[in-house]
Every structure is written in C-alpha cells, then in structure tokens.
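Report on the following structure.
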Amino acid sequence: MKTTTLVAASAGTILTGFLAYAVYFDYKRHSDAEFRRNLKRENRRLARAVREESAAQGARQIAEIKQAIQDAKEEGFPTDPDDKEQYFMGQIAKGEQLAAEGSSNFEAALSFYKALKVYPQPKDLIAIYDTTVPKDVLEILAEMVGQDTSLQLGSFTGGSAAGSSSGGRTTTGWNKRSKNRHSHLNHQSTNLPTGLG
Numbered sequence: 019m020k021t022t023t024l025v026a027a028s029a030g031t032i033l034t035g036f037l038a039y040a041v042y043f044d045y046k047r048h049s050d051a052e053f054r055r056n057l058k059r060e061n062r063r064l065a066r067a068v069r070e071e072s073a074a075q076g077a078r079q080i081a082e083i084k085q086a087i088q089d090a091k092e093e094g095f096p097t098d099p100d101d102k103e104q105y106f107m108g109q110i111a112k113g114e115q116l117a118a119e120g121s122s123n124f125e126a127a128l129s130f131y132k133a134l135k136v137y138p139q140p141k142d143l144i145a146i147y148d149t150t151v152p153k154d155v156l157e158i159l160a161e162m163v164g165q166d167t168s169l170q171l172g173s174f175t176g177g178s179a180a181g182s183s184s185g186g187r188t189t190t191g192w193n194k195r196s197k198n199r200h201s202h203l204n205h206q207s208t209n210l211p212t213g214l215g
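According to our numbering, the sequence shown is numbered sequentially starting from 19.
What follows is the structure, given as structure tokens:
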C-alpha cells in the first residue's frame, strides 16, 4: 500500500469518526432531556466559576493598589519645586518605558500615579494621560486615583459617563477612549508643562 493512500485513508477515518461524534452529540442534545439538563448545569457551573475567579482577581488587584498607594505615601513625595519637577520627569519617563515594554502595566500605572501626586494641576495631567497612556495602564491608574482620597481633583468629569467608581470616589471618563489616541506618552513628553510648585 502506498504511503499517500495510507495517509488519505487514515485522514478519512479520523474525519468520519469526528463527524459521527458530532452527529451523535447533536442527536443527544436534541432528543435526551437529561443530557440537555446536564449541559446547562455544566455551563452554569463554569460561568459561576469564571465569575468567582474574576471577583477574586478584582479583589486581589484592589488590595495590591491600596498597598502600592500606601507604600508610595510612606516613601513620601518631594516638596521643593525643583525636586518635584525632577521627580515628576523621572516618574513620567519610568512610566513611559514600562508602558512601552508592556510587561508591567501595574508598575507603569504606579509611576504615572506618583507623577500625578506632585503635579500642581492633576486634572490637566489626567487629560494628557487620557489621550496618551495605553488603555490597560490607564484602567489601573484610574483605580489608583479612585482609591486615593487625598488626591485633589476638583470636579474632573473627563467627558464620559462611563467610569470607575471605588473607594467613594468616581474617576469618570477614564474607561472610554477615543480611537485616535497615541499609544505612549513619548509623543507628548516635550509638551508636558514643567515648573512644578
């Protein structure tokens, strides 16, 4: 027997077996009420497991965010205008680099958060972040801002009704992003206002 004939026969047998199983499964699904109930039960169980895992992951992330904010506050922030400016530029550069690498969105968001803490007009910086920071990093940053009750944002509304609310604060407008956004702050780093103080 030729090799090609053997391969074709094997492939045909496998395909026939797969089709037979698909037909049998469809027949059981349509005709056997107990089979349908078991499928629905299994689907509900899987959906519940996914919801529980998602909730647990969200709770873990909130705990990590709260701890990171607390650690940043304990480290302290500069108070001298020149030190603030240097700290701000360093944190922005670090955040840009981490966001560009894409490997540590949490650390990138933390760097942008630290820069936000020393910036005299946080609302203005948030508007820049909203147009330049990658979405994954921005969502984490929005949670950080939402968890920090000491951050003075005034009446920032961000222009969108969909937002993230946590810790009694609303960070509106951070989760909906327009399609024409830059992927990194590198494009606007030179346009960031300086003279912090």
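Don't be surprised by glycine CBs; every beta carbon is placed ideally from N, CA and C.
Nearest by alpha-carbon distance to residue i: which of the options is it?
i	options	result
K84	F124, L64, K102 and F95	F124
M162	R62, K132 and E71	K132
L128	P138, Q115 and Q139	Q115
D154	D98, A81 and G113	G113
A118	A90, Q88 and P152	P152
L169	L134, I146 and A145	L134
F130	A86, E92, A29 and D98	A86
Please classify residue i as buried or exposed, where buried requires at least 16 other C-beta atoms within 10 Å of its C-beta.
i	result
I32	exposed
F43	exposed
V136	buried
A126	buried
A73	exposed
K34	According to the sequence as given, residue 34 is Thr; it is not Lys. Flag for T34 reads exposed.
Is residue i helix, strand or coil when you go by DSSP?
i	result
D148	helix
P99	helix
S168	coil
P138	coil
S28	helix
S49	helix
For residue i versus residue j, is the C-beta spacing smaller than 8 Å?
i	j	result
P140	L171	yes
D166	L156	no
K46	F36	no
P218	Y105	It is not possible to answer for residue 218, since the shown part of the chain is limited to 19 through 215.
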